[in-house]
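Enquirer: Numbering (UniProt numbering), first residue to last: 1 to 153.
The structure under discussion is supplied below as structure tokens; questions concerning it will follow.
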Amino acid sequence: MIEELAERITVAAPTETVYAAVADLRRMTRWSPECFAIWVTARNGGRPRRFVGWNRRGPFLWFTTGRVVVAEPGREFAFDVTAFGQPVARWGYRFTPADGGTEVTEYWHDRRNRAAMVLGRIFTGKVAKVRPAANREGMRQTLTRLKDDVERH
Numbered sequence: 001m002i003e004e005l006a007e008r009i010t011v012a013a014p015t016e017t018v019y020a021a022v023a024d025l026r027r028m029t030r031w032s033p034e035c036f037a038i039w040v041t042a043r044n045g046g047r048p049r050r051f052v053g054w055n056r057r058g059p060f061l062w063f064t065t066g067r068v069v070v071a072e073p074g075r076e077f078a079f080d081v082t083a084f085g086q087p088v089a090r091w092g093y094r095f096t097p098a099d100g101g102t103e104v105t106e107y108w109h110d111r112r113n114r115a116a117m118v119l120g121r122i123f124t125g126k127v128a129k130v131r132p133a134a135n136r137e138g139m140r141q142t143l144t145r146l147k148d149d150v151e152r153h
């Protein structure tokens, strides 16, 4: 397993604006090449705390459950993902002021155990060892779409 997979992009907007966009989990469906729906199941002070994410890759369809574990406005937003009670990953975003905007770093920590790897192959159609490459490509797409969306509004 890899420690951390990360991709970065600079968005021409203040850190608070970019953070707010990412922390509104339902907007993720506009950016992610896999996630097409999010159902927030619990909130804390109006902010998402737990959610179900519905994902698709080609003919494969699956859901995961998420729990927000870091919510530091303007700095970092992260959530842990499980599938059928098995740990899958920690997905997160770090926000750093940059010249003319915000550098956004999307990161992925692989937390899969053997059962999660088997479930992943069944539901996503990806062998466990190629998941990092698929995620890296997805992260690039997500960040590009996030940038376009935030800069348009």
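Even glycine gets a Cβ: it sits at the ideal position worked out from N, Cα and C.
Three or more C-beta pairs closer than 8 Å, one from the stretch 14-26 and one from the stretch 92-105: is that the case here?
Expert: Contact holds: three or more Cβ-Cβ distances are below 8 Å.
Enquirer: Using the beta-carbon count (16 or more within 10 Å), is W39 buried or exposed?
Expert: Residue numbering aside, residue 39 sits at position 39 when the sequence shown is read from its first letter. Exposed, since its Cβ has fewer than 16 Cβ neighbours within 10 Å.
Enquirer: Assuming C35 and G58 form a contact by the criterion Cβ under 8 Å, report the distance between their Cβ atoms to the nearest whole angstrom.
Expert: Here residue 35 refers to the residue found at position 35 when the sequence shown is read from its first residue. Here residue 58 refers to the residue found at position 58 when the sequence shown is read from its first residue. Between G58 and C35 the Cβ distance is about 14 Å, and since that is not below 8 Å, they are no contact.
Enquirer: Taking 6 Å as the limit between beta carbons, can you name the residues of its chain near residue 155, skipping five residues before and five after?
Expert: With the chain running from 1 to 153 in the structure shown, residue 155 is simply not present.
Enquirer: To which residues of the same chain is W31 closer than 7 Å at the C-beta, ignoring the five residues directly before and after it?
Expert: For the purposes of this step, residue 31 is taken as the residue at position 31 of the sequence shown. Same-chain partners within the cutoff: T142, R145, L146, D149.
Enquirer: Could you check what DSSP says for P132 in three-state terms: helix, strand or coil?
Expert: If you number the sequence shown from 1, residue 132 lands on position 132. Correct three-state label for P132: helix.
Enquirer: Span of the beta strand (DSSP E) holding A89?
Expert: Taking the sequence shown and counting its residues from 1, one reaches residue 89 at position 89. Start and end: 86-98.
Enquirer: At 4 residues or longer, and completely inside the stretch 8-90: list those alpha helix (DSSP H) runs for me, N to C.
Expert: With a minimum length of 4 residues, the continuous alpha helix (DSSP H) runs that stay inside the stretch 8-90 are 15-23, 28-31.
Enquirer: Please report how far the alpha carbon of P33 lies from the alpha carbon of A133, in whole angstroms.
Expert: By 1-based counting over the sequence shown, the position of residue 33 is 33. By 1-based counting over the sequence shown, the position of residue 133 is 133. Computed Cα separation, rounded: 14 Å.
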